[in-house]
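Visitor: In terms of our numbering, the numbers along the sequence shown are unbroken and rise by one, the last being 177.
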Amino acid sequence: MSRVAKNPVAIPEKVEVTLTADSIAVSGPLGKLSQSLTNAVELKQEGQTITFAAANDTKHASAMSGTLRALVANMVQGVSTGFTRKLTLVGVGYKANAQGAMLNLELGYSHPINHKMPVGVTVQTPTPTEVILTGSDKQVVGQVAAQIRAYRAPEPYKGKGVRYSDEVVAIKETKKK
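(1) Under 8 Å between the Cβ atoms of A54 and A61?
(2) Should S136 be labelled buried (16 or more other beta-carbon atoms within 10 Å of its own) or exposed?
(3) Would you call the region 75–84 in contact with the region 40–48, where contact means no fewer than 3 C-beta pairs closer than 8 Å?
(4) Tell me the rounded alpha-carbon separation between L19 and L37.
(5) In whole angstroms, give me the CA-to-CA distance for Q139 and N74.
(6) Suppose you measure from the CA of I11 to the CA of I24; what does that come to, to the nearest Å?
(7) DSSP puts K86 in a beta bridge; with which residues?
(8) By alpha-carbon positions, which one of S65, A98 and L87 ends up nearest to Y164?
(9) Could you please give the first and the last residue of the uninterrupted alpha helix (DSSP H) stretch that includes I148?
(10) Is it the case that the Cβ atoms of Y94 and L107 are separated by a distance below 8 Å?
(11) With a 10 Å radius around its C-beta and 16 neighbouring C-beta atoms as the bar for buried, classify P154 as buried or exposed.
(12) According to DSSP, simplified to helix, strand and coil, what is A25?
(13) DSSP three-state call for S36: helix, strand or coil?
In structure tokens form, the structure reads like this:
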């Protein structure tokens, strides 16, 4: 059995979980998320906890039980507290401006970049060089952050570009004559 799947998922008071034969739906104050289920995993809801177990002794069932437990735990955390990803713009003239569901970026190109936010993700720019993404779905928030970072990834000589706030960029030494 997966070591991850051994831990049950605790359900907070404001979160409601609905189990059906082929899916699980989690709703809370920040939204509603659902996940399809596989036959390799058995779910049991006992009061305010959900337990996961492999349906058979195959490696696939063991792996899927841990994966599904992690996905459901992220869904419960997402609808109760949400997920945040913070990006920092490093470089002269690099700036960001949030206007509703649109993020306008100036990253040293000859044209501005307009990135539309998907449904469920909100963007804030407290300062022109700081972007904060929030949402209830961890995968979507992380994907949007990766797409924004891909417009101008940090380069290794001066460290200019869009980086995660907790990212450490190793600066290379320049070539000597």
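No residue lacks a Cβ here, since even glycine has one placed at the ideal position from N, Cα and C.
The structure displayed is predicted, hence computed values, not measured ones.
Guide: Concretely, from the data shown:
(1) Contact flag set, yes.
(2) buried
(3) no
(4) 10 Å
(5) 9 Å
(6) 13 Å
(7) I132
(8) L87
(9) K138 to Y151
(10) yes
(11) buried
(12) strand
(13) strand
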